[in-house]
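One structure is given here, and the rest of the page talks about it.
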Ligand SMILES: [Zn+2]
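In this note's numbering, the protein residues as written are 467 to 766.
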């Protein structure tokens, strides 16, 4: 017994060290339970809260998405919670914050999550802006993420997906057409958890689980800028796993990023890619493993 106790005490600091600092290793060791590939050709819209199409999730599958970050306080907390539970999510980042906290954007990518964009400065309704200003908002959002990832390894740079989410989910037919011409998908959701409101962490937990359970599968919007969301997240994960849910990761379909990058007036730039993975680009100059280009977007 004594020897067992001594061994436990000896191991305790190691365990604490792993819990506290082993984030990169923990992230590398984690594989998503399933990757759900999102087709982006022509800019389809997903999320039955607004559209007829749902991301191809099976029953009892949930995809976590986090909007409005990166936030220097809560985003790292949320990343640690996701690692501790071996979950890969999608972060719809705001360009302005990506530019201020590029190291967190790189951290999101390094830990294997998918990154989408959510405009430059999160105007609540892009329809209230001129078309030129709205397009600039979207373009600068993508450009800011590319800039943040410019010094990251190619594999991490590829975490930027051709996914866009409208602030407040306030879409516009015109802008969706504009995004579609650039092969960028619009991602809405099946449900939220009201975590943008002033409610407690336990309310966020209850509403998230209730809403997911009412549909049985889907994409949920949460906010990685909210401390009560970070506080609620472990409980949400625990409750859903107890009910038999699996957490899946939204990822672009093979070739989707390159499809977007090869569009006229593209919003994202090409990155290294194996030729065999990109049927659309076979034989073109983008399709080589060494073809890592700097972002081709100029921010005004
Ligand atoms: Zn938002």
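Glycine residues also receive a C-beta, built at the ideal position from the N, C-alpha and C atoms.
Here's the rule: buried if 16 or more other CB atoms are within 10 angstroms of the residue's CB, otherwise exposed. What is residue i?
i	result
residue 676	exposed
residue 694	buried
residue 623	buried
residue 617	exposed
residue 642	buried
residue 730	exposed
residue 633	buried
residue 692	buried
residue 649	buried
residue 498	buried
residue 542	buried
residue 666	exposed
residue 710	exposed
residue 628	buried
residue 647	exposed
residue 538	exposed
residue 656	buried
Compute the Euclidean distance between the alpha carbons of residue i and residue j, then round it to the nearest angstrom.
i	j	result
residue 540	residue 651	27 Å
residue 639	residue 712	33 Å
residue 496	residue 595	42 Å
residue 586	residue 669	30 Å
residue 659	residue 555	16 Å
residue 607	residue 505	21 Å
residue 579	residue 717	9 Å
residue 732	residue 600	16 Å
residue 663	residue 598	31 Å
residue 500	residue 525	13 Å
residue 577	residue 493	5 Å
residue 547	residue 708	17 Å
Name the one or two DSSP bridge partners that residue i has.
i	result
residue 512	653
residue 632	Its beta-bridge partners do not exist; DSSP assigns none.
residue 684	528
residue 583	559 and 630
Any heavy atom of ligand 2 inside 6 Å of the beta-carbon of residue i?
i	result
residue 660	Looking for ligand 2 in the displayed structure turns up nothing; the ligands present are ligand 1.
Within a Cβ cutoff of 7 Å, which residues of the same chain sit near residue i, ignoring the five residues on either side of it in sequence?
i	result
residue 626	581, 611, 612, 615 and 734
residue 533	558, 584, 631, 687 and 689
residue 544	532, 690, 696 and 699
residue 588	534, 560 and 633
residue 552	496
residue 530	553, 555, 686, 688 and 713
residue 681	656 and 657
residue 644	601
Report all residues from its chain with a CB closer than 6 Å to the CB of residue i; omit the five preceding and five following residues, and keep chain order.
i	result
residue 527	683, 712 and 714
residue 671	698, 701 and 702
residue 508	646
Taking 8 Å as the limit between beta carbons, can you name the residues of its chain near residue i, skipping five residues before and five after?
i	result
residue 512	504, 519, 520, 521, 651, 652, 653, 654 and 685
residue 636	590, 591, 592 and 593
residue 523	502, 529, 683, 684, 685 and 714
Checklist entry - Is the stretch 557–572 close to the stretch 709–724, with three or more CB pairs under 8 Å? => result no
Checklist entry - Are at least three pairs of beta-carbons, each pair with one atom in the stretch 515–526 and one in the stretch 566–585, less than 8 Å apart? => result no
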